[in-house]
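Residue numbers (our numbering): 6 to 456.
Using N, Cα and C, we set each Cβ at its ideal position, and we do this for glycine too.
All of these numbers come straight from a predicted model, not from anything done at the bench.
For reference, the structure discussed in these notes is given below.
Structure follows, in structure tokens:
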């Protein structure tokens, strides 16, 4: 018992020393840009001693090799190990490098039917064993010409070569393996000392892909239609100074005429006195409530990037409305945080107190009125204090700040596993600050909502 209990630590120490030596050799090879040899050394080192720094070096080496799929996976492993080791600096480094590769990564779905899954089935992509958990799911692979093989004891091997480009989504179907009438004898396994590491071609972590393609439209799935519908509520501020006021129709005003003194004109009557009768008002700014909804319809170009059209609509309290919409994009910035922007055109109407009112003066009478083009209408002559303000065409932009509350993504605050069905997805809490301008002012909306 004493001999066995002391053997495992001895093996562990020996493995650690070997792993460190291999890692140092790999560093020298990488400096000489001998990436194939360096990656092989790092593979051996990682099998002997799976440390976060080795996984990070291996990811960098694979990226230098041009094997971006393996690099992407190992950056993820490096981040996980660094987090367990308490190395936040390496966590940030690995995640940042992984994010840069995201839009380039091709994915391969290895389709394995029930009739293919026999005892001892091994599927490899360019020598890498595909984990069982990755069957029928997308798996990050390298770009280039890949060889897919399938083998099992007592069965004939199967092989297929495929070409994969960056950002591609490719699938390959494994056919049932035929029975081998003349199987090659399997050599007896070499006994492994207690505590020694088992041999391995190349360490491949059994990671379940984040986005199973056939389980319905997940929150961050790519190459899918994205539909987002939600309720919004918030505040809306209008500072539109000038506009046509229907309530002014029938209101009289006066201006001076040469040789006649004052002449009376009527708002809305432009025929009796040509050049007179066009009336408008200026308005005080208005702050009110907003209740309505928003919708986004688009396409997931990548797991974290959505491009489409977003629209807003709602009632402005106490009276009025607001509509806006236009092209939009959303991108996951970090963790559950999503950011986006929209270019929007819109229209609004609200009620505001009248600050001033005026009516036009015919051109021939303007010199008598100090060259003024309009005559002031005293507010005390009006039988109303408020009026409807129609904005005219509004043009501006909207910013999205969203948090994924619940969803199938591991980045959601409350991950819920896989999604399924047409209406599957995530719950988002979002804020949409929006500012739009017109020739006579601007409108600012600050709606927030759940979608």
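Same chain, Cβ closer than 7 Å to residue i, five either side skipped, listed in chain order
i: residue 135; result: 115, 128, 129 and 144
i: residue 287; result: 246, 247, 360 and 361
i: residue 390; result: 358 and 359
i: residue 342; result: 408
i: residue 44; result: 63, 66, 67 and 70
i: residue 253; result: 272, 284, 286 and 362
i: residue 171; result: 109, 111 and 148
Contact under 7 Å by Cβ, residue i with residue j
i: residue 270; j: residue 392; result: no
i: residue 328; j: residue 352; result: yes
i: residue 374; j: residue 285; result: no
i: residue 53; j: residue 24; result: yes
i: residue 239; j: residue 453; result: yes
i: residue 307; j: residue 437; result: no
i: residue 380; j: residue 258; result: yes
i: residue 434; j: residue 410; result: yes
i: residue 331; j: residue 355; result: no
i: residue 141; j: residue 117; result: yes
i: residue 340; j: residue 405; result: no
i: residue 159; j: residue 186; result: no
i: residue 456; j: residue 233; result: yes
i: residue 77; j: residue 95; result: no
Per-residue DSSP class, three states only, for residue i
i: residue 282; result: coil
i: residue 356; result: strand
i: residue 390; result: coil
i: residue 38; result: coil
i: residue 332; result: strand
i: residue 307; result: strand
i: residue 274; result: coil
i: residue 121; result: coil
i: residue 86; result: helix
i: residue 492; result: With the chain covering only 6 through 456, there is no way to say anything about residue 492.
i: residue 26; result: helix
i: residue 171; result: coil
i: residue 165; result: strand
i: residue 489; result: With the chain covering 6 to 456 only, the question about residue 489 has no answer from this structure.
i: residue 100; result: helix
i: residue 373; result: helix
i: residue 315; result: strand
i: residue 320; result: strand
i: residue 71; result: coil
i: residue 91; result: coil
i: residue 159; result: coil
i: residue 64; result: helix
i: residue 148; result: coil
i: residue 419; result: strand
Identity of the residues DSSP links to residue i by a beta bridge
i: residue 436; result: 406 and 453
i: residue 233; result: 301
i: residue 182; result: BP columns for residue 182 are empty, so no partner.
i: residue 344; result: 336 and 406
i: residue 269; result: 259
i: residue 382; result: 362
i: residue 441; result: 401 and 448
i: residue 325; result: 355
i: residue 143; result: 114
i: residue 247; result: 287
i: residue 133; result: 130
i: residue 293; result: 241
Chain-order list of residues whose beta-carbon lies under 6 Å from that of residue i (same chain, five-residue window excluded)
i: residue 60; result: 79, 82, 83 and 86
i: residue 69; result: 40
i: residue 281; result: 270, 365 and 367
i: residue 121; result: 179 and 181
i: residue 315; result: 301, 333 and 347
i: residue 42; result: 34
i: residue 397; result: 443
i: residue 322; result: 293 and 294
i: residue 303; result: 231, 311, 312 and 313
i: residue 209; result: Because residue 209 carries a pLDDT of 44, less than 50, the predicted location of this residue cannot be relied on, and the following value inherits that uncertainty. Once the five neighbours on either side are set aside, the close Cβ partners of residue 209 are 133 and 134.
i: residue 419; result: 411
Contact set for residue i: own chain, Cβ-Cβ below 8 Å, skip 5 residues either direction
i: residue 278; result: 268, 270 and 367
i: residue 290; result: 242, 243, 244 and 357
i: residue 168; result: 149, 150 and 151
Proximity test, Cβ basis, 7 Å: residue i and chain C
i: residue 121; result: Of the protein chains in this structure there is only one, and it is not chain C.
contact_flag[the region 430-450, the region 393-402] where n(CB pairs < 8 Å) is 3 or more: yes
Cβ contact check for the region 367-387 and the region 296-314: 3 or more pairs under 8 Å: no
The region 326-337 touching the region 258-275, judged by at least three CB pairs closer than 8 Å: no
At least 3 beta-carbon pairs within less than 8 Å: the region 107-123 vs the region 21-40: no
Any 3 or more C-beta pairs closer than 8 Å across the region 163-178 and the region 148-155: yes
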